[in-house]
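Q:
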Amino acid sequence: MATLKHYINGRWETGVTLGTRENPSDLSDTVAEFARADTAQTESAIRAAADARDEWALSTPQRRFDVLDAIGSEILARKEELGRLLAREEGKTLVEGIGETARAGQIFKFFAGEALRIPGEKLASVRPGVEVEVTREPVGVVGLIAPWNFPLAIPAWKIAPALAYGNAVVFKPAELVPACASALADIISRSGLPAGVFNLVMGSGRQVGQALVDSPLVDAISFTGSVGVGQGILKAATARQARVQLEMGGKNPLVVLHDADIAQAVDCAIQGAFFSTGQRCTASSRIIVTPGIFDRFVGALRERTQALVVDNALKRGTEIGPVVSQAQLEQNLAYVESGRHEGAELLVGGQRVKRDTEGYFMSPALFIAEPEHRIAREEIFGPVACVIRARDSEHALSLANDTPFGLCAGVCTTSLKHAAHFKRHLRAGMVMVNLPTAGVDFHVPFGGRKGSSYGPREQGRYAAEFYTTVKTAYINA
Ligand code: NAD
C-alpha cells in the first residue's frame, strides 16, 4: 500500500510521522497509511500559499471557472468509486457515500458558476463628479479545518468557494479520513491551479490545526468540528485579528404535532436521527411529541428503529453503517448508560452488536427522556435519540428552543398555521417543515445560531461574505 502524502507547493511530500486508518466496518482492512506533518511542515505549506496568493487573486473568472468545473466533473464522473472509498473509510452506507460524493461534485460546479458572478456595485457619490465602486477581493490565505463525518462534502464546501473567490488554501482534514482527503487533493492537483494555491497537510489538530490558527500568514480560518475546539480556535484567531467562521455542534429538535401525517413523521425521525449512523451535526436527537399522537407515533418509531439493518457499510441492504471509531463508540455507549442511570426509558437498541466482520457496530438507541437528562441536552454524535413528551404545541416550541445550540429544527404538521408559527419562532439557522432535520441543498446557506455557529454562513452565494473582503473605491473622473 502506497503511503498517502501531503500536497505542498505543487509537490507530493512525505511526512514527519505516519498514521493509519482502518475500515470501521472491517478492522482487518487497512484503508490508508498516511503522512502526518508537524508545525514546521505546516508552516512550509502556509508559506507556499502566501507566495502563490497574488497570482491566483489576479486570475480571471474564466480561469477559476475552468479549474472548479474540471474538479466537479471528475468527482461526478468517479462518484461510484469515490463513494465506495468514502463508505469504506468513514462508515456511512454505500448509497450515502455515493450521494455525498455527487454533492461534492455539484458544489464545485456551483462555485465554478459563482466565479463568473462575483458581485460588485457602482453608486453615485454624495459629492459632485465622484463615483463610488464597491468590489469584493479575495481575503488571502485561508486555513480550512474539517471534521471526519462528511469527508468530501465539507472540504468541498470550503475549498470550492475559497478558490472561486481567489484565495490560496491550506486544507487540514480530520485524521480519520485521510484517503478521502488525498483523493480530493489528487483531483485538485490536476485541475490547472498554479503551484501553492492549494495545499493539503494531514496530521493532528494540535500541531497542523494549531499552526494554521496561529500563523500570521493565514488571513482566515474556516472550521467545522466540535464546540470545544471551535471555541479555542475563536480565541486564538481573533486575538491576532484573523477572520473566523465556525460550524459546530447541534442538538436538533424535531417537533411532531398531533395533526402530523404519522408515516411521514416517523420517516423524518428515522432518517434525521439514525441515517449516517446519527453522525451528522444536523441529526434530530430530540424528538418532541405532543399528546394525541404520542403513543401511536412512539410505537411506530420504535418498530421502525428496531427493524433498521445495521451492518457493513459496503453490504447491499445495510441501512446503518458502523460508528466511525472505537472512541466514538465508547462515548455513545457511555451516553446510553448515562440515560439509563438518570432514569430515561430505553425503548430499543443502544448495544454493541456483532456482524460477520469485526467493526464498530451499534444498534440505534431510542429513549423516552426528560428535557433535563444529559442525553437530551448534550450532543452525542451517534445513533442515540430521545423522545420528549410536550404538554401542547407551545410547550413543544419552548422545549425545541431550550438548548444552547441552534443549527437546525424541524416540525411535522399538516396545519399551515402551525407550520408558519414554528417556521417563524424556532430559533435555528435552518428550519424544516415535514422534512428530516438532516439533508440540505448545496446552493443555499448552511449554518446555525447560538452555540452552533459563528461568523458568516457557508455555502450558496452567501459564502462570499467569508471568502471575500469589500473594497470601496472613490473616483473623481
Ligand atoms: P473535532 O473538533 O475533534 O475536529 C475537527 C477538526 O479540528 C479536525 O480536523 C481536528 O484535527 C481539528 N482540530 C482538533 N484540535 C484542534 C486545534 N486545537 N486547533 C485546530 N484544529 C484542531 O471534531 P470531529 O470529531 O472531527 O467532528 C465532530 C464534530 O463536528 C461534532 O461536534 C459535530 O457536530 C461537528 N460538525 C459540525 C458541522 C456543522 O456544520 N455545524 C458539520 C459536521 C460536523
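Just so we're aligned, residue -3 is where the sequence shown starts under the numbering used here, counting upward by one. Built from N, CA and C at the ideal position, the CB exists for glycine as well.
Comparing the CB of Glu171 with every heavy atom of the ligand NAD, is any distance shorter than 7 Å?
A: By one-based count along the sequence shown, residue 171 stands at place 175. Yes.
Q: Which whole-angstrom value is the C-beta distance of Ile217 and Ala238, which I expect to be below 8 Å?
A: Position 221 of the sequence shown, counting from 1, holds the residue named residue 217. Position 242 of the sequence shown, counting from 1, holds the residue named residue 238. Ile217 to Ala238, Cβ: 6 Å. Contact.
Q: What did DSSP end up calling His414 once you bin it into helix, strand or coil?
A: Taking the sequence shown and counting its residues from 1, the one referred to as residue 414 is at position 418. It is helical.
Q: For Asp22, count neighbouring C-beta atoms within 10 Å of its own C-beta (all shown protein chains included) and say buried if the count is 16 or more, exposed if not.
A: By one-based count along the sequence shown, residue 22 stands at place 26. When all chains shown are included, Asp22 counts as buried.
Q: Helix, strand or coil, according to DSSP, for Asp257 in the structure here?
A: Here residue 257 corresponds to residue number 261 of the sequence shown, with the count starting at 1. Three-state result, Asp257: coil.
Q: Thinking Ala365 and Gly335 are a contact (beta carbons under 8 Å), I'd like their distance in whole angstroms, please.
A: The residue labelled residue 365 in the question sits at position 369 within the sequence shown. The residue labelled residue 335 in the question sits at position 339 within the sequence shown. With a Cβ gap of about 6 Å, Ala365 and Gly335 count as contacting.
Q: Please indicate yes or no: does the CB of Met426 lie closer than 7 Å to some heavy atom of the ligand NAD?
A: Residue numbering aside, residue 426 sits at position 430 when the sequence shown is read from its first letter. Met426: no, Cβ never under 7 Å from the ligand NAD.
Q: Just to check my reading of the structure: Gly443 and Gly425 have Cβ atoms closer than 8 Å, yes? What is that Cβ distance to the nearest angstrom?
A: Residue mapping note: residue 443 aligns to position 447 of the sequence shown, counting from 1. Residue mapping note: residue 425 aligns to position 429 of the sequence shown, counting from 1. 5 Å between Cβ atoms; contact.
Q: With a threshold of 7 Å on Cβ separation, who are the neighbours of Leu180 within its own chain once the five nearest residues in sequence on each side are excluded?
A: In the sequence shown, residue 180 corresponds to position 184, counting from 1. Closer than 7 Å at the Cβ level, and outside the excluded window around Leu180, lie Leu148 and Pro151.
Q: Can you give me the C-alpha to C-alpha distance between Val126 and Lys118, rounded to a whole angstrom?
A: Working through the sequence shown from its first residue, we reach residue 126 at position 130. Working through the sequence shown from its first residue, we reach residue 118 at position 122. So the two alpha carbons sit approximately 11 Å from each other.
Q: Tell me which same chain residues have a C-beta within less than 8 Å of the C-beta of Glu461, skipping the five on either side of it?
A: Here residue 461 refers to the residue found at position 465 when the sequence shown is read from its first residue. Excluding positions up to five away in sequence, the list reads Pro452 and Arg453.
Q: What does the alpha-carbon distance come out to for the pair Ala33 and Met198?
A: On the sequence shown, position 37 is the one that residue 33 refers to. On the sequence shown, position 202 is the one that residue 198 refers to. Computed Cα separation, rounded: 6 Å.
Q: Excluding the 5 residues preceding and the 5 following Arg46 in the sequence, name in chain order all residues of the same chain whose CB lies nearer than 6 Å to its CB.
A: Within the sequence shown, numbered from 1, the residue matching residue 46 stands at position 50. Correcting the residue type first, residue 46 is Ala in the shown sequence and not Arg. Taken in chain order, the residues that qualify are Val137 and Leu213.
Q: Would you check if there are 3 or more beta carbon pairs closer than 8 Å linking the region 70 to 77 to the region 98 to 116?
A: The region 70 to 77, when compared against the region 98 to 116, does touch it at the 8 Å Cβ threshold.
Q: Counting only runs of 4+ residues fully inside the region 42 to 80, write out the alpha helix (DSSP H) ranges in chain order.
A: Listed in chain order, the complete alpha helix (DSSP H) runs (minimum 4 residues) inside the region 42 to 80 are 57 to 73.
Q: Ends of the beta strand (DSSP E) at His2?
A: For the purposes of this step, residue 2 is taken as the residue at position 6 of the sequence shown. His2 -> beta strand (DSSP E) spans His2 to Ile4.
Q: What does the alpha-carbon distance come out to for the pair Pro57 and Val209?
A: Along the sequence shown, one-based indexing puts residue 57 at 61. Along the sequence shown, one-based indexing puts residue 209 at 213. About 29 Å.
Q: With burial defined as no fewer than 16 other Cβ atoms inside 10 Å of the residue's Cβ, what is the status of His2: buried or exposed?
A: As a first step, residue 2 must be located in the sequence shown, where it is residue number 6. Result: buried.
Q: Mapping DSSP to helix, strand and coil, what is Leu250?
A: If you number the sequence shown from 1, residue 250 lands on position 254. Three-state DSSP puts Leu250 in a strand.
Q: Under the three-state reduction of DSSP, which class applies to Trp153: helix, strand or coil?
A: Counted from its first residue, the sequence shown places residue 153 at position 157. Trp153: helix per DSSP, three-state reduction.
Q: Just reading off the alpha helix (DSSP H) that Phe107 is part of, what are its end residues?
A: The residue given as residue 107 occupies position 111 in the sequence shown. It spans Leu90 to Ala111 - the alpha helix (DSSP H) in which Phe107 sits, taken as one unbroken run.
Q: Which one or two residues does DSSP pair with Trp144 in a beta bridge?
A: For the purposes of this step, residue 144 is identified with residue 148 of the sequence shown, where counting begins at 1. Trp144 is not bridged to any residue.
Q: Nearest to Ser280 by CA position, among Val427, Thr10 and Glu110, is which residue?
A: Residue numbering aside, residue 280 sits at position 284 when the sequence shown is read from its first letter. Closest option to Ser280, Cα to Cα, is Val427.
Q: Is it true that the CB of Phe146 sits closer than 8 Å to the CB of Val165?
A: Residue numbering aside, residue 165 sits at position 169 when the sequence shown is read from its first letter. Residue numbering aside, residue 146 sits at position 150 when the sequence shown is read from its first letter. Not closer than 8 Å, so no.
Q: According to DSSP, is Cys408 part of a helix, a strand, or is it coil?
A: Here residue 408 refers to the residue found at position 412 of the sequence shown. The answer is strand: DSSP assigns Cys408 an E or B state.
Q: Assuming Pro174 is part of the alpha helix (DSSP H), what are its boundary residues?
A: As a first step, residue 174 is located in the sequence shown; it is residue number 178 there, counting from the start. Segment Pro174 to Ser185, the alpha helix (DSSP H) holding Pro174.
Q: Just confirm the distance between the C-beta atoms of Met244 and Gly226, as a whole number of angstroms; I'd bet it's less than 8 Å.
A: The residue you call residue 244 lines up with position 248 of the sequence shown. The residue you call residue 226 lines up with position 230 of the sequence shown. At roughly 5 Å, the Cβ-Cβ gap stays under 8 Å, so Met244 and Gly226 are in contact.
Q: Please report the residue range of the alpha helix (DSSP H) in which Gln241 lies.
A: Residue 241 sits at position 245 when you count from the first residue of the sequence shown. No alpha helix (DSSP H) contains Gln241, which is instead part of the beta strand (DSSP E) from Arg239 to Glu243.
Q: With hydrogens ignored, establish whether the beta-carbon of Trp153 is closer than 7 Å to any heavy atom of the ligand ZN.
A: Only the ligand NAD can be found as ligands here, which leaves the ligand ZN out of the picture.
Q: Since Ile229 is in the beta strand (DSSP E), which residue starts that stretch and which ends it?
A: Indexing the sequence shown from 1 puts residue 229 at position 233. From DSSP, Ile229 is part of no beta strand (DSSP E) but of the alpha helix (DSSP H) over Val223 to Ala235.
Q: Applying the 10 Å Cβ sphere with the 16-neighbour rule, what's the burial state of Ile471?
A: Working through the sequence shown from its first residue, we reach residue 471 at position 475. Looking at its Cβ environment, which holds fewer than 16 other Cβ atoms inside 10 Å, Ile471 is exposed.
Q: Measuring CA to CA, which of Leu81, Ile376, Leu329 and Asn163 is closest to Ala53?
A: Within the sequence shown, residue 53 is the residue found at index 57, counting from 1. The option with the nearest alpha carbon to Ala53 is Asn163.
Q: Within the continuous beta strand (DSSP E) that includes Arg370, where are the two ends?
A: Position 374 of the sequence shown, counting from 1, holds the residue named residue 370. From DSSP, Arg370 is part of no beta strand (DSSP E); its letter is neither H nor E.
Q: Within this structure, are the beta carbons of Ser411 and Asp255 separated by less than 8 Å?
A: Taking the first residue of the sequence shown as position 1, residue 411 is located at position 415. Taking the first residue of the sequence shown as position 1, residue 255 is located at position 259. In contact: Ser411 and Asp255 (Cβ atoms closer than 8 Å).
Q: Does the distance from the C-beta atom of Val91 to that of Leu189 stay below 8 Å?
A: The sequence position of residue 91 within the sequence shown is 95, counting from 1. The sequence position of residue 189 within the sequence shown is 193, counting from 1. It is not a contact, given that the beta carbons lie outside the stated cut-off.
Q: For Arg445, which of Arg186, Gly246 and Gly87 has the nearest alpha-carbon?
A: Position 449 of the sequence shown, counting from 1, holds the residue named residue 445. Selected option, being the one with the closest Cα: Gly246.
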